[in-house]
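Protein chains in written order, with our numbering: chain Z, 3 to 196; chain P, 455 to 595.
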């Protein structure tokens with residue numbers, strides 16, 4: 003009853019417990035080693051503040067890289083209240099095998115373009131969400147572990163901005179104004195000559 | 455003709471005012487009435503004015519009044535969609551409608567006056583010699 007922890011863990015003390023711990027550690031190692039280093043991301047946070055109606059769409063880039071010596075197939079998904087306003091390009095892509103975790107050589111990488119499209123009519127002033135990059139098994143049948151790295155996204159919407167018309171709208175306004183003036187001139191001149 | 459012409463003229467002015475408000479007082483369209491923002495209601499009021507003018511002048515030439523009635527819902531939607539979706543292509547469509555209608559109205563007004571003027575020269579006396587006889591004009595023996 004008065005056994006110390008070391009005595010309990012010793013093969014003589016409790017051989018079954020020790021073997022259980024070793025098996026657990028090995029399994030944990032198998033699961034954790036690829037998850038920690040397989041996919042690299044940057045930046046891990048995206049925070050954007052916009053005036054309501056100021057910009058219809060704008061983009062931000064996220065760099066994803068592979069540090070493993072095996073190729074990866076990565077899938078990107080968006081969740082949270084911000085999801086309707088975000089589009090990812092590409093949503094799925096392959097990363098070639100990297101030089102290894104200990105190597106200083108550059109890892110194969112891929113830029114993912116995050117396009118924000120915010121309409122003028124939005125109900126909330128703050129939207130949050132997560133862009134998740136998960137590793138899917140490649141065609142070679144490598145170990146499919148549940149790897150998922152997240153990029154937090156925050157969108158703050160400020161007060162309403164003035165509309166900035168493009169050139170073609172301004173040109174049409176000018177044409178309409180000229181048309182109004184010229185139609186009045188035509189009517190006045192006709193009346194005068196009658 | 456003059457009723458629909460002045461109706462389209464007033465409609466074009468109102469459209470122009472609406473577009474200026476869109477550009478310089480964008481936030482005013484944010485307020486809502488019955489779950490719809492002011493962009494819908496203001497565009498609807500402007501287009502109702504055009505419909506009223508179209509109905510009043512339906513007895514005259516039919517082209518512009520019918521065109522006015524047809525474009526009214528389209529124009530309302532274009533302005534509303536342009537504001538809510540922040541898509542200026544819709545606004546382009548909204549401005550093109552009065553431009554086209556005003557062009558047609560001005561041309562029609564112009565030709566209406568021209569046709570009236572053309573009637574007057576027919577009354578002028580011809581200077582060419584005519585065969586006048588005791589029996590009457592234009593009888594030769």
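For each residue, glycine too, the CB sits at the ideal point set by N, CA and C.
Three or more beta-carbon pairs drawn from the segment 170-187 of chain Z and the segment 534-551 of chain P are found closer than 8 Å, and the two stretches are therefore classed as touching. Against chain Z, a Cβ distance below 7 Å from residue 476 of chain P picks out 165. Contact check for residue 76 of chain Z and residue 137 of chain Z: beta-carbon distance about 6 Å, within the 8 Å limit, so the pair qualifies.
In the DSSP assignment, residue 457 of chain P falls within the unbroken alpha helix (DSSP H) covering 456-478. Across the set Z:178, Z:157, Z:135, Z:183, the C-alpha of Z:135 shows the shortest separation from the C-alpha of residue 92 of chain Z. The Cβ of residue 81 of chain Z sits no closer than 8 Å to any Cβ of chain P. Rounded to whole angstroms, residue 90 of chain Z and residue 132 of chain Z show a C-alpha spacing of 12 Å.
Nearest in C-alpha terms to residue 554 of chain P, of all of P:460, P:466, P:457, is P:466. Contact of residue 529 of chain P with chain Z is not assigned, every C-beta pair being separated by 8 Å or more. The beta carbon of residue 130 of chain Z sits closer than 8 Å to the beta carbons of 82, 83, 84, 154, 155, 156, 157 from its chain, once the five residues preceding and following it are set aside; these are given in chain order.
Just measuring C-alpha positions, the residue of Z:192, Z:180, Z:164 sitting nearest residue 484 of chain P is Z:164. Neighbours of residue 55 of chain Z in chain P, taken as residues at a C-beta separation under 8 Å, are given in chain order as 480, 540.
Contact check for residue 68 of chain Z against residue 110 of chain Z passes: the beta carbons are separated by less than 8 Å. Relative to the Cα of residue 87 of chain Z, the nearest Cα in the group Z:106, Z:45, Z:25, Z:126 belongs to Z:126.
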